[in-house]
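Start counting the sequence shown at 227; every next residue gets the next number (this note's numbering).
Glycine included, C-beta positions come from ideal geometry on N, C-alpha and C.
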Amino acid sequence: MAGIDEIATEMGGFELAATFRGVPPGTRWLPASSIAARDWHPADGRMSLPLLSLDLKTYADNKATMLDICRTVSCEIAPHAKTPMSPVLARDLIASGAWGTSVADLRQAEVMLGNGIGRVLIANEIGGAHAAKRLAALLSGYNGAEVYLFVDAPELVDKLGLEWKAAPDLPALNLLIEVGCGRGGVTSDRQVSEIIDAIAAAAEPRLQLAGIAAYEGTANTADEEQLRANLDDLFARVRSALASVRKHVGPATRLVLSMGGSSLFDHVIVDCAPIVQEDGNAFLLLRSGACFFSDHGPIRDRLRAMAARGMLGLDLSEKIAASFKPALRLWAEVLSVCNGGTAICGFGLRDVAHDQGLPVPLALWRDGARIADIAASATLVKLNDQHAFIRAGEGAFQIGDVVEVGVRHPCTTIDKHDLIYGLDETGRVTAAMRTFFG
Numbered sequence: 227m228a229g230i231d232e233i234a235t236e237m238g239g240f241e242l243a244a245t246f247r248g249v250p251p252g253t254r255w256l257p258a259s260s261i262a263a264r265d266w267h268p269a270d271g272r273m274s275l276p277l278l279s280l281d282l283k284t285y286a287d288n289k290a291t292m293l294d295i296c297r298t299v300s301c302e303i304a305p306h307a308k309t310p311m312s313p314v315l316a317r318d319l320i321a322s323g324a325w326g327t328s329v330a331d332l333r334q335a336e337v338m339l340g341n342g343i344g345r346v347l348i349a350n351e352i353g354g355a356h357a358a359k360r361l362a363a364l365l366s367g368y369n370g371a372e373v374y375l376f377v378d379a380p381e382l383v384d385k386l387g388l389e390w391k392a393a394p395d396l397p398a399l400n401l402l403i404e405v406g407c408g409r410g411g412v413t414s415d416r417q418v419s420e421i422i423d424a425i426a427a428a429a430e431p432r433l434q435l436a437g438i439a440a441y442e443g444t445a446n447t448a449d450e451e452q453l454r455a456n457l458d459d460l461f462a463r464v465r466s467a468l469a470s471v472r473k474h475v476g477p478a479t480r481l482v483l484s485m486g487g488s489s490l491f492d493h494v495i496v497d498c499a500p501i502v503q504e505d506g507n508a509f510l511l512l513r514s515g516a517c518f519f520s521d522h523g524p525i526r527d528r529l530r531a532m533a534a535r536g537m538l539g540l541d542l543s544e545k546i547a548a549s550f551k552p553a554l555r556l557w558a559e560v561l562s563v564c565n566g567g568t569a570i571c572g573f574g575l576r577d578v579a580h581d582q583g584l585p586v587p588l589a590l591w592r593d594g595a596r597i598a599d600i601a602a603s604a605t606l607v608k609l610n611d612q613h614a615f616i617r618a619g620e621g622a623f624q625i626g627d628v629v630e631v632g633v634r635h636p637c638t639t640i641d642k643h644d645l646i647y648g649l650d651e652t653g654r655v656t657a658a659m660r661t662f663f664g
């Protein structure tokens, strides 16, 4: 099985230039596949800052934990690629045992299909007639692909039927009826029946009713009783919808039940297990994605809360508590030091997430050496577009120091970067992974 460095090298057929964050000034068209030979380190003064890195050992540990959970509870996972939008990472997860990859829209699907990923779950509705035409145009180039799509209205099914009838070379399209919970999705048994009837009326064998999907994250609330009530309602409707689908397709068809983000997948596993068992020929497919990266904020906190709940048993809960460590770092230089010890650093709103709290200063580097752990002594107090204000007291910082920063919310940090730099256990850059956020 190829490791992530090998996959990154194989897919590194693009050239790096100084227009990318991190690439040293003056660099002209360096093959990304050769980056490991450069022996770069984010704090050694050669790389331009700010840049975003992924600790490959921590990521591998997080990956091993999540895939072990899936094996132990007998479910599959299609990690949501919207978090990193990196075909290298998506292919690495599949090579390690993931069932496939999930995406949020047609453009993301094209990125993954175009980079050799053959099983893609579009975990969203796509729109109406024009969207059906765009999906048909996309899949006309990938007739060997296995694609799944959320649907919540017969109108889209009708339009898909027309497009597929007009194009006999299109691959099968696997439809998952989404059961709603606070955003898209059906909310009644009647709506489920209407979609099933629309699929039957389309009379197009390549439009296949493949199962049920839902997203439980929108049920989350700080009120435990209300959360439980929200989830009970959702799981009851999921059970009913799956039973309706089963009645229509018969016992021989293997059905998908897809749920599960990174915050409540323990509830999903525990509550969906009896639903799948009752069906007899269905499997649970998680879509968790952010857990592979974790963070210094809400993702890590929610995973710790999951471990404390203990719903998956002692062994798995202890693994969750010990793993899912933050794997992403932002690296930036101290540009100026104000009276009182506030460092003005060269990153800001354009470089890092701030929607779920401000980033967390972790360590201080000087002349390529780590000189201090500042997690307990430094506080990031403000972000401007291109500047961060870090307070740590008189004498803590010097101009030219490099600050290693932990991020909150990986999804809205990675989307600001065209490259993720993979770091080995010594902190050296061994991979450059393109992201495709458009």
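Inter-residue spacing [alpha-carbon to alpha-carbon] between residue i and residue j
i	j	result
I525	V377	28 Å
M227	E236	At M227, the pLDDT of 46 sits below 50, so the modelled position is not reliable; the number obtained from the coordinates is stated separately. The straight-line gap from Cα to Cα measures roughly 13 Å.
L282	A547	19 Å
F669	C571	Outside the modelled stretch of the chain, which goes from 227 to 664, sits residue 669, for which no answer is possible.
A330	N350	6 Å
K608	L457	37 Å
L538	T284	22 Å
E420	M532	37 Å
I600	A362	53 Å
A665	G326	Residue 665 is absent from the model: the chain starts at 227 and stops at 664.
A392	A358	12 Å
G367	R660	23 Å
G664	A558	24 Å
G515	T447	20 Å
D395	E430	13 Å
C301	L319	15 Å
Cutoff 6 Å; reference residue i; Cβ partners in own chain excluding five residues on either side
i	result
A258	G238, F240, L242, A658
T413	G406
H306	S328, R513, G515
D641	F663
Distance cut-off 7 Å: residue i Cβ against heavy atoms of the ligand ATP
i	result
F615	The ligand ATP is not among the ligands present in this structure, which contains no ligands whatsoever.
Strand pairing of residue i, partner residues [DSSP]
i	result
D599	A589
C571	V560, A614
Y647	S279, A658
I501	Bridge partners of I501: none, in fact.
K608	F615
P212	For the chain, the structure presents residues 227 to 664; residue 212 sits outside this window and is missing.
N446	Answer is none; N446 lacks a bridge partner.
F509	V482
G437	L402, V482
D581	G583
L256	L242
Contact set for residue i: own chain, Cβ-Cβ below 8 Å, skip 5 residues either direction
i	result
R480	N507, A508, F509
G536	S543
G567	R617, A618, G619, E620, G621, A622, F623
L364	L332, A335, E336, L339
L529	S488, S489, C517, S520, I546, F550
Close beta carbons around residue i, own chain, < 7 Å, minus the five adjacent residues each side
i	result
A440	E404, V405, C407, G411, L460, V464, M485
A424	P380, V383, D384
S549	D287, N288, T291
R272	P250, W266
CB contact below 8 Å: residue i versus chain D
i	result
G248	Note that chain D does not occur in the displayed structure, where there is just one protein chain.
Subject >> Segments of 4+ residues assigned as alpha helix (DSSP H) that fall wholly inside the region 300-383 >> reply: As far as the region 300-383 is concerned, its whole alpha helix (DSSP H) runs of at least 4 residues are 313-321, 332-340, 355-365.
Subject >> Stretch pair the region 633-640 + the region 538-555: three plus CB contacts closer than 8 Å >> reply: Remark: three or more beta-carbon pairs, one from each stretch, lie closer than 8 Å, so the region 633-640 and the region 538-555 are flagged as touching.
**OP:** Assess, as a yes-or-no matter, whether the region 616-632 is touched by the region 579-591 under the definition of 3 or more beta carbon pairs within less than 8 Å.
**Re:** Yes, the region 579-591 is in contact with the region 616-632.
Subject >> contact_flag[the region 427-439, the region 383-403] where n(CB pairs < 8 Å) is 3 or more >> reply: The region 427-439 is in contact with the region 383-403.
Subject >> Inter-stretch contact at 8 Å, needing at least 3 Cβ pairs: the region 254-270 / the region 645-657 >> reply: Output reads yes: the region 645-657 touches the region 254-270.
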